[in-house]
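So that you can map any letter, position 33 of the sequence shown is 53 in the numbering used here, and since no number is skipped, the others follow by simple counting.
Report on the structure given below.
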Amino acid sequence: MTSDNTTLDASAPRLEVDSLLDDPHTRIVVCCGSGGVGKTTTAAALGVRAAERGRKVVVLTIDPARRLAQSMGISELDNVPRQVKDVDETSGGELHAMMLDMKRTFDEIVEGHADADRARAILENPFYQSLSAGFAGTQEYMAMEKLGQLRANDEWDLIIVDTPPSRSALDFLDAPKRLGSFLDGKFIRVLMAPAKVGGRAGMKFLNVGMSMMTGTLSKLMGGQLLRDVQTFVAAMDTMFGGFRTRADATYRLLQAPGTAFLVVAAPERDALREAAYFVERLAAEQMPLAGLVLNRVHGSGAAQLSAERALAAAEALTDRMAEDTHADTHADPPADADAEAASAPETAAGPAADRTENNLEVNGIVDHDGGKAGSRTAGGLSPAAAAEHVTPTSASAAQLAAGLLRLHAERMQVLARERRTRDRFTALHPEVPVTEVAALPGDVHDLAGLRAIGDRLALNPMDTDD
Numbered sequence: 021m022t023s024d025n026t027t028l029d030a031s032a033p034r035l036e037v038d039s040l041l042d043d044p045h046t047r048i049v050v051c052c053g054s055g056g057v058g059k060t061t062t063a064a065a066l067g068v069r070a071a072e073r074g075r076k077v078v079v080l081t082i083d084p085a086r087r088l089a090q091s092m093g094i095s096e097l098d099n100v101p102r103q104v105k106d107v108d109e110t111s112g113g114e115l116h117a118m119m120l121d122m123k124r125t126f127d128e129i130v131e132g133h134a135d136a137d138r139a140r141a142i143l144e145n146p147f148y149q150s151l152s153a154g155f156a157g158t159q160e161y162m163a164m165e166k167l168g169q170l171r172a173n174d175e176w177d178l179i180i181v182d183t184p185p186s187r188s189a190l191d192f193l194d195a196p197k198r199l200g201s202f203l204d205g206k207f208i209r210v211l212m213a214p215a216k217v218g219g220r221a222g223m224k225f226l227n228v229g230m231s232m233m234t235g236t237l238s239k240l241m242g243g244q245l246l247r248d249v250q251t252f253v254a255a256m257d258t259m260f261g262g263f264r265t266r267a268d269a270t271y272r273l274l275q276a277p278g279t280a281f282l283v284v285a286a287p288e289r290d291a292l293r294e295a296a297y298f299v300e301r302l303a304a305e306q307m308p309l310a311g312l313v314l315n316r317v318h319g320s321g322a323a324q325l326s327a328e329r330a331l332a333a334a335e336a337l338t339d340r341m342a343e344d345t346h347a348d349t350h351a352d353p354p355a356d357a358d359a360e361a362a363s364a365p366e367t368a369a370g371p372a373a374d375r376t377e378n379n380l381e382v383n384g385i386v387d388h389d390g391g392k393a394g395s396r397t398a399g400g401l402s403p404a405a406a407a408e409h410v411t412p413t414s415a416s417a418a419q420l421a422a423g424l425l426r427l428h429a430e431r432m433q434v435l436a437r438e439r440r441t442r443d444r445f446t447a448l449h450p451e452v453p454v455t456e457v458a459a460l461p462g463d464v465h466d467l468a469g470l471r472a473i474g475d476r477l478a479l480n481p482m483d484t485d486d
């Protein structure tokens with residue numbers, strides 16, 4: 021039988037979050053994982069905790085929902101780091117936050133690596149505007165670019181990166197290479213060929229082949245789009261090598277000592293499967309993995325009561341209530357009520373007159389204030405006698421207890437399922453340190469909530485065991 025205990029096994033390595041944040045050699049922490057597992061909240065909570073422990077921190081988020089700005093009390097985040105107020109700075113730390121502006125970062129690259137005329141031609145080119153705003157992989161590439169810029173600036177002790185909300189966590193590592201391959205690829209080189217050869221001789225040399233190719237591309241892309249692409253390629257000619265060079269440099273930065281990857285996952289099968297893939301990829305790429313943050317783990321204050329025992333108790337209560345109800349339904353009327361009815365003197369008018377005198381009708385009491393407390397009604401006992409005979413408070417309490425027991429059983433089943441899912445991951449990757457973050461009762465929307473998450477990140481569940 022699977023245990024309902026949800027704390028980490030003693031054999032599982034423990035991720036020491038505070039040691040990681042306090043280490044002055046740790047300069048970059050990358051929070052990665054599949055979408056919807058809490059990367060943004062984890063990154064923000066780490067930033068608050070590191071700043072309040074004395075480090076000068078900047079958190080770079082790529083979350084378009086802007087939840088980070090809201091939780092930190094900033095009206096809006098942009099491509100420039102903004103200092104977060106109300107952070108405890110008594111230890112000498114500071115917290116800044118920013119949200120990646122993908123297009124603005126791309127524009128900065130162009131402006132920094134081209135003269136004014138060429139930069140203007142590139143920025144105004146329709147193909148460039150589409151590429152910089154939404155080309156597949158651009159967001160991840162620009163996140164790497166911005167990380168490189170922040171690290172080169174050397175203004176912050178610690179940079180915490182919230183990776184893009186991609187369908188797959190691997191996109192963060194793959195996309196920059198894909199974009200670099202596109203910009204350095206055969207398609208771009210073919211489009212650059214006429215400009216590189218130059219002059220009438222070159223154009224005559226390429227005339228036949230290029231006319232066939234451009235004719236086909238015009239049908240596929242449209243003539244105007246093809247001209248925009250060729251203009252863009254001509255203007256970007258001197259910059260293509262720079263994209264590859266910067267991507268490679270940032271990649272080496274991610275592999276260097278001082279960088280730590282934290283894989284964030286929910287205790288669910290798909291999320292942990294994605295986390296396992298990412299752990300394996302980091303190992304293959306020789307990138308430093310600090311550990312796994314298992315987020316939104318459920319717990320119980322009565323873990324010693326198993327799901328089976330809770331369900332059995334609920335069934336026993338339900339059976340007892342059914343027996344009591346059956347006994348009440350078939351119970352004889354009280355002897356004093358029968359005696360009163362038998363000994364009641366009949367008036368001259370007979371029983372009908374007695375009913376009228378006491379505000380009674382065939383179907384029961386018409387006016388309760390005028391009726392007799394001990395009289396019989398068509399439904400059984402009078403209100404006063406029924407109150408003495410039945411105890412609805414105890415019945416309601418039993419129903420409530422049975423319902424709570426069933427809810428507890430459901431919670432314990434969830435805990436057991438999460439435990440089994442987590443244990444499958446730790447069995448496959450026993451070398452990966454793990455920390456569990458207990459689920460909060462509500463959403464995180466302020467610094468207090470982020471501090472609570474930070475406390476849970478650093479808390480060792482085994483310290484709280486009885």
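Even glycine gets a Cβ: it sits at the ideal position worked out from N, Cα and C.
Note that the structure is a prediction, hence the values are computed from the model and not measured.
| field | Arg-47, enclosing beta strand (DSSP E) - first and last residue | value | Premise fails: Arg-47 is in no beta strand (DSSP E) and is neither H nor E.
| message | Using DSSP's beta-bridge definition, name the partner residues of Arg-34. | response | Residue pairing of Arg-34 in beta bridges, as defined by DSSP: Val-454.
| What's the C-alpha gap between Phe-147 and Met-119? | Taking the straight line from one Cα to the other gives about 25 Å.
| In chain order, what residues of the same chain have a beta carbon less than 6 Å from the beta carbon of Ala-369, not counting five sequence neighbours either side? | Summary for Ala-369: the model assigns pLDDT 47, below 50, so the residue's position carries little reliability, and this model does not support an answer.
| message | Quick check: the Cα distance between Asp-42 and Ala-336, rounded to an integer number of angstroms? | response | Straight-line Cα distance between these residues: approximately 54 Å.
| What number of angstroms, rounded off, separates the C-alpha of Lys-224 from the C-alpha of Ile-142? | Confidence at Lys-224 is low in this model, with a pLDDT of 46, below 50, so its placement is unreliable and no value can be given for it.
| message | Just to confirm my understanding: we take Thr-234, look at its own chain, exclude 5 residues before and 5 after, and list those with CB closer than 6 Å. What are they? | response | At Thr-234, the pLDDT of 44 sits below 50, so the modelled position is not reliable; the number obtained from the coordinates is stated separately. Hits under 6 Å: none found.
| query | Going by alpha carbons, who is nearest to Pro-287 out of Ala-269, Val-313 and Leu-178? | reply | Nearest option by C-alpha distance: Val-313.
| So, is His-45 buried or exposed, given that buried needs 16 or more other C-beta atoms within 10 angstroms? | By the neighbour-count rule (16 or more Cβ atoms within 10 Å), His-45 is not buried but exposed.
| Using DSSP with H/G/I as helix, E/B as strand and the rest coil, what is Ala-285? | If DSSP states are grouped into helix, strand and coil, Ala-285 belongs with the strands.
| said: For the beta strand (DSSP E) containing Val-181, name the first residue and the last one. | reply: Run containing Val-181: 178-182, per the beta strand (DSSP E) assignment.
| query | Of the choices Val-57, Ala-269, Gly-319 and His-116, whose alpha-carbon is the least far from that of Glu-96? | reply | Selected option, being the one with the closest Cα: His-116.
| field | Unbroken beta strand (DSSP E) run spanning Val-313, endpoints | value | For Val-313, the uninterrupted beta strand (DSSP E) run begins and ends at 309-317, by DSSP.
| field | Terminal residues of the beta strand (DSSP E) in which Met-118 lies | value | Segment 114-119, the beta strand (DSSP E) holding Met-118.
| According to the neighbour-count rule (16 or more other Cβ atoms, all chains shown, within 10 Å of its Cβ), is Leu-309 buried or exposed? | Burial call: buried.
| message | Need the endpoints of the alpha helix (DSSP H) that Thr-19 sits in, please. | response | Any answer about residue 19 is impossible in this case: the structure gives the chain only from 21 up to 486.
| Straight-line gap, Leu-178 to Thr-158 (C-alpha atoms, nearest Å) | C-alpha of Leu-178 to C-alpha of Thr-158: approximately 25 Å in a straight line.
| request: Would you identify the three-state DSSP class for Thr-279, choosing helix, strand or coil? | output: If DSSP states are grouped into helix, strand and coil, Thr-279 belongs with the strands.
| Per DSSP, Thr-81 is paired with what? | The partner list for Thr-81 (beta bridge, DSSP) reads Met-119 and Asp-182.
| query | Looking at C-alpha atoms only, which residue of Ser-54, Thr-61 and Asp-135 is the closest neighbour of Leu-475? | reply | The residue you asked about is not Leu; residue 475 is Asp in the sequence shown. The shortest Cα separation from Asp-475 among Ser-54, Thr-61 and Asp-135 belongs to Thr-61.
| Out of curiosity, what's the CA-to-CA distance linking Ala-291 and Leu-193? | Pairing Ala-291 with Leu-193, the inter-Cα distance amounts to about 18 Å.
| message | Can you tell me where the alpha helix (DSSP H) holding Glu-165 begins and where it ends? | response | 158-173 is the extent of the alpha helix (DSSP H) around Glu-165.
| query | What distance in whole Å lies between the Cβ atoms of Ala-417 and Ala-334, which are believed to be in contact at a cut-off of 8 Å? | reply | Ala-334 to Ala-417, Cβ: 14 Å. No contact.
| request: Quick one: grab the DSSP three-state call for Arg-426. | output: In this structure, Arg-426 counts as helix in the three-state DSSP scheme.
| query | Below 8 Å between beta carbons: does that hold for Ser-111 and Glu-72? | reply | The answer is yes: Cβ separation under 8 Å.
| message | Relative to the C-alpha of Arg-316, which candidate in Ala-65, Phe-298, Gly-58 and Val-50 has its C-alpha closest? | response | Distance check between Arg-316 and each of Ala-65, Phe-298, Gly-58 and Val-50 places Gly-58 closest, using alpha-carbon atoms only.
| query | Which residue from Ile-82, Asn-99 and Lys-105 puts its Cα closest to that of Gly-93? | reply | For Gly-93, the nearest C-alpha among the options comes from Lys-105.
| request: Let me know if Ala-269 comes out buried or exposed under the rule of 16 or more other beta-carbons within 10 Å of its beta-carbon. | output: By the neighbour-count criterion, in which a residue is buried when 16 or more other Cβ atoms sit within 10 angstroms of its Cβ, Ala-269 is exposed.
| query | To the nearest angstrom, how far is it from the Cα of Val-49 to the Cα of Ala-280? | reply | So the alpha carbons of these two residues sit roughly 5 Å apart.
| query | Can the beta-carbon of Ala-458 be found closer than 8 Å to that of Gly-319? | reply | Yes; because the gap between Cβ atoms is below 8 Å, this pair is in contact.
| Counting along the chain, where does the alpha helix (DSSP H) carrying Leu-97 start and finish? | No alpha helix (DSSP H) holds Leu-97; DSSP gives it neither H nor E.
| Taking the C-alpha atoms as reference points, what is the distance between Ala-65 and Ser-54? | In a straight line, the C-alpha of Ala-65 is about 18 Å away from that of Ser-54.
| query | Closest by CA to Leu-435, which one among Glu-456, Pro-450 and Ala-447? | reply | For Leu-435, the closest of Glu-456, Pro-450 and Ala-447 by C-alpha to C-alpha distance is Glu-456.
| query | What residue from Leu-427, His-465 and Arg-289 has the CA that sits closest to Thr-441's CA? | reply | Comparing alpha-carbon positions, the option among Leu-427, His-465 and Arg-289 lying closest to Thr-441 turns out to be Arg-289.
| query | Per DSSP, what kind of secondary structure is Met-223 in: helix, strand or coil? | reply | Because the pLDDT at Met-223 is just 43, under 50, the model does not fix this residue reliably, and the value given afterwards should be weighed accordingly. Met-223 falls in the helix class under three-state DSSP.
| query | Taking the continuous alpha helix (DSSP H) assigned at Asp-475, which residues delimit it? | reply | DSSP places Asp-475 in the uninterrupted alpha helix (DSSP H) bounded by 467-478.
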